[in-house]
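Enquirer:
Chains as they are written, first to last, in our numbering: chain D, 17 to 319; chain U, 4 to 258.
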């Protein structure tokens, strides 16, 4: 191609950073020819992931997830609500994803990122449809009081694969969640049980002895892959996402069942074989993430 | 929203049944600080630069329970609607997470804080070094444990230094609360809610110049002088801590 040879001529004269900024697509494609990416990863490998639970002391459950440079902070605060008439035994989960201006140069205060409500809805749908949390566990007094869990996820640094990091932090925050001990007041309000109150309050059964943890069924984990020509790149960085626009997100649970598959348009087309390759990569990733999550949980318990 | 739609019914946070009675403060009694510090002792500060990779410069500050991240972007192109200006512009924005305060969703006036941050920093930045462009300073308060604005200001100046923006000096900020006859430096939220007066000083320690001073509440002249002196001493110590943080970051091996 004339264009490629044109850039090839320039590439011998130009500095690496300048070439990367001016011809990003050729820069990345030159790497893909060697089956590697600019940061040295093979095509199917995700970035280093780390997880830390209990980052926010004032919340009932929280987690900080880092995939490469992408950082997400998730926190859950519990409040009491009256359950609906149709579902008197069920609590409620409200999931909100925020991208504050600190996370990326493209976001201005007062003008929320376009991608934030999309990811927010995706997260909401994924977590609820995966059946990870049984809403009946959030019930306090049938028909009168139930927990409303407000899950807020903040992106602190946006460097690609935002959905993956957000989902990981949400799942980790739920596994760290501790429901406080409460009892029913004489006025019909729920109050926290503190040591000073003693036995003067009427004790209610659900959370009597100690702070309990939420029981989670199989947890969902995801992997986003970029489809570009014949290549499949797992866990893209933001530079890759901006130049190669077609991506596919696969969400699997710990039993390797498919929870959701999302390919939102894009110029590239996904054949059945590439979808199956992505699912295979996602399966490997689920194993890695499960390992990381269980290590983080056991680290917390040791403390 | 999960569960059934239309769950717009108000939710409440289960607080303890007995409200904590506001402790009657005898005017001549000694105040005991909830975290066991001395009256003139600041909280230990944890400062780190380079927290956010996507920004030109960033810093994370943790003073006790107050945790703040500040990102600096720029100098970058000013909005087209702005007129030409020989000097650079500064744009500040402060926001709180929903879980920053103990009661969900109850955030202080962030517009007020944003404009105060702007006033505190603009005296320290050499605006002439980046004409026609804007430097954006965005702060996110992750957890609000008292004395928020001083922590935001100090963290912002560290982030500006990390971004390589030319400054006349580091900007350090400390606040003092007055409860009865006691002067408490670097108050926590509980102390701030009981205070009779507050004084905040933002200064450039090495140049001995004050960029911003805010006094609210009841103060006598002697008290103000004493409080100012406390603040200035604390600011110079904080300035040294900030400089050593920058030196460490600069001398750390590049990966």
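C-beta: ideal position from N, C-alpha, C; glycine also.
Which residues, in chain order, does the segment 187-207 of chain D contribute to contact with chain U at a C-beta distance below 7 angstroms?
Expert: Legend: CB atoms of the segment 187-207 of chain D lying less than 7 angstroms from CB atoms of chain U belong to residues 198, 201, 206 and 207.
Enquirer: Leaving out five residues before and five after residue 129 of chain U in sequence, what residues of the same chain have Cβ atoms less than 7 angstroms from its Cβ?
Expert: As a working mapping, residue 129 of chain U is identified with position 126 in the second chain. Here the set comprises 169, 170 and 171.
Enquirer: In whole angstroms, what separates the C-alpha of residue 213 of chain D from that of residue 72 of chain D?
Expert: Position 197 of the first chain holds residue 213 of chain D. Position 56 of the first chain holds residue 72 of chain D. Note that residue 213 of chain D scores a pLDDT of 43, beneath 50, so its modelled location is shaky; the value from the coordinates is reported in the next line. Cα to Cα, the separation comes out at about 27 angstroms.
Enquirer: If the criterion is Cβ atoms closer than 7 angstroms, does the pair residue 90 of chain D and residue 195 of chain D meet it?
Expert: Translated into positions along the first chain, residue 90 of chain D becomes position 74. Translated into positions along the first chain, residue 195 of chain D becomes position 179. Cβ atoms of residue 90 of chain D and residue 195 of chain D: not closer than 7 angstroms.
Enquirer: Residues in the same chain with beta-carbon distance under 6 angstroms from residue 207 of chain D, minus the five sequence neighbours each way, listed in chain order, please.
Expert: Start at 1 with the first residue of the first chain, and residue 207 of chain D comes out as number 191. 201.
Enquirer: When burial is assigned at 16 or more other CB atoms within 10 Å of the CB, is residue 34 of chain D buried or exposed?
Expert: Within the first chain, numbered from 1, the residue matching residue 34 of chain D stands at position 18. That one is exposed.
Enquirer: Using 8 angstroms for Cβ pairs, my map puts residue 188 of chain U next to residue 238 of chain U. What's the rounded Cβ distance?
Expert: Residue numbering aside, residue 188 of chain U sits at position 185 when the second chain is read from its first letter. Residue numbering aside, residue 238 of chain U sits at position 235 when the second chain is read from its first letter. Not quite, the Cβ-Cβ distance comes to about 11 angstroms (not below 8 angstroms), so this is no contact.
Enquirer: Along the chain, which unbroken stretches of the alpha helix (DSSP H) at least 4 residues long are found entirely within the segment 159-245 of chain U?
Expert: 192-197
Enquirer: Got a sec, what are the start and stop residues for the beta strand (DSSP E) residue 139 of chain U sits in?
Expert: Taking the second chain and counting its residues from 1, one reaches residue 139 of chain U at position 136. Residue 139 of chain U -> beta strand (DSSP E) spans 136-146.
Enquirer: Taking only the alpha-carbon atoms, compute the straight-line gap between residue 62 of chain U and residue 161 of chain D and give it to the nearest angstrom.
Expert: By 1-based counting over the second chain, the position of residue 62 of chain U is 59. By 1-based counting over the first chain, the position of residue 161 of chain D is 145. Each residue's Cα considered, the two are about 42 angstroms apart.
Enquirer: Which residues mark the beginning and the end of the alpha helix (DSSP H) in which residue 303 of chain D is found?
Expert: Taking the first chain and counting its residues from 1, the one referred to as residue 303 of chain D is at position 287. Segment 288-318, the alpha helix (DSSP H) holding residue 303 of chain D.
Enquirer: Can you name, in chain order, every residue of its own chain whose Cβ lies under 7 angstroms from the Cβ of residue 173 of chain D, other than the five neighbours on each side?
Expert: As a position in the first chain, residue 173 of chain D is number 157, starting the count at 1. So the qualifying residues of the chain are 85, 86, 87 and 119.
Enquirer: Listed from N- to C-terminal order along the chain, which residues in the segment 70-88 of chain U have their beta-carbon within a distance smaller than 8 angstroms of any beta-carbon of chain B?
Expert: Annotation note: the requested chain B is absent from the structure, which comprises protein chains D and U.
Enquirer: Identify, in the order they occur along the chain, each residue of the same chain with its Cβ nearer than 7 angstroms to the Cβ of residue 93 of chain D, setting aside the five sequence neighbours on each side.
Expert: Within the first chain, the letter at position 77 stands for residue 93 of chain D. Result list for residue 93 of chain D: 75, 76 and 166, in chain order.
Enquirer: Does residue 44 of chain U come out as helix, strand or coil in the three-state DSSP assignment?
Expert: In the second chain, the residue the question calls residue 44 of chain U occupies position 41. Of the three classes helix, strand and coil, the one that applies to residue 44 of chain U here is coil, per DSSP.
Enquirer: At 9 angstroms on the CB atoms, spell out the chain U contacts of residue 320 of chain D, in chain order.
Expert: Residue 320 of chain D lies beyond the range of chain D shown here (17 to 319); nothing can be said about it.
Enquirer: Relative to the C-alpha of residue 153 of chain U, which candidate in U/56, U/116 and U/200 has its C-alpha closest?
Expert: Here the question's residue 153 of chain U lines up with position 150 in the second chain. When each option's Cα is compared against that of residue 153 of chain U, the closest is U/116.
Enquirer: Taking beta-carbon pairs under 7 angstroms, can you tell me which members of the segment 159-173 of chain D lie near chain U?
Expert: 164, 166, 168, 170, 172 and 173
Enquirer: Going by DSSP, what residue range makes up the beta strand (DSSP E) through residue 78 of chain U?
Expert: By one-based count along the second chain, residue 78 of chain U stands at place 75. Element bounds for residue 78 of chain U: 69-80.
Enquirer: Alpha carbon to alpha carbon, how far is residue 36 of chain D from residue 43 of chain D?
Expert: As a first step, residue 36 of chain D is located in the first chain; it is residue number 20 there, counting from the start. As a first step, residue 43 of chain D is located in the first chain; it is residue number 27 there, counting from the start. For residue 36 of chain D and residue 43 of chain D, the gap between their C-alpha atoms comes out near 6 angstroms.
Enquirer: Could you check where the beta strand (DSSP E) with residue 66 of chain U kicks off and where it finishes?
Expert: Mapped onto the second chain, residue 66 of chain U falls at position 63. That run of the beta strand (DSSP E) goes 60-66.
Enquirer: Using the Cα positions of residue 211 of chain D and residue 142 of chain D, report the straight-line distance between them to the nearest angstrom.
Expert: The sequence position of residue 211 of chain D within the first chain is 195, counting from 1. The sequence position of residue 142 of chain D within the first chain is 126, counting from 1. Below a pLDDT of 50, predicted positions are generally treated as unreliable, and residue 211 of chain D, at 49, falls in that range; the measurement from the model is reported next regardless. Distance between the alpha carbons of residue 211 of chain D and residue 142 of chain D is about 39 angstroms.
Enquirer: Name, in chain order, the residues that DSSP records as bridge partners for residue 240 of chain D.
Expert: Stepping through the first chain from its first residue, residue 240 of chain D is reached at position 224. Partner(s): D/265.
Enquirer: CB residue 249 of chain U to CB residue 164 of chain U, shorter than 7 angstroms?
Expert: By 1-based counting over the second chain, the position of residue 249 of chain U is 246. By 1-based counting over the second chain, the position of residue 164 of chain U is 161. It is a contact, given that the beta carbons lie within the stated cut-off.
Enquirer: Within 8 angstroms, do at least three Cβ pairs link the segment 102-109 of chain D to the segment 134-147 of chain U?
Expert: no
Enquirer: Since residue 163 of chain D sits in a beta bridge, which residues does DSSP pair it with?
Expert: In the first chain, residue 163 of chain D corresponds to position 147, counting from 1. Beta-bridge pairing links residue 163 of chain D to D/96.
Enquirer: Following the continuous alpha helix (DSSP H) through residue 37 of chain D, name the residue where it begins and the one where it ends.
Expert: Numbered from its first residue, the first chain carries residue 37 of chain D at position 21. 32-38 is the extent of the alpha helix (DSSP H) around residue 37 of chain D.
Enquirer: Taking C-alpha atoms, which residue in D/268, D/126 and D/49 lies nearest to residue 146 of chain D?
Expert: Along the first chain, one-based indexing puts residue 146 of chain D at 130. Ranking D/268, D/126 and D/49 by Cα distance to residue 146 of chain D puts D/268 first.
Enquirer: Sorted by chain position, which residues of the same chain lie with C-beta nearer than 7 angstroms to residue 193 of chain D's C-beta, five sequence neighbours on each side aside?
Expert: As a first step, residue 193 of chain D must be located in the first chain, where it is residue number 177. Taken in chain order, the residues that qualify are 76, 77, 92, 229 and 230.
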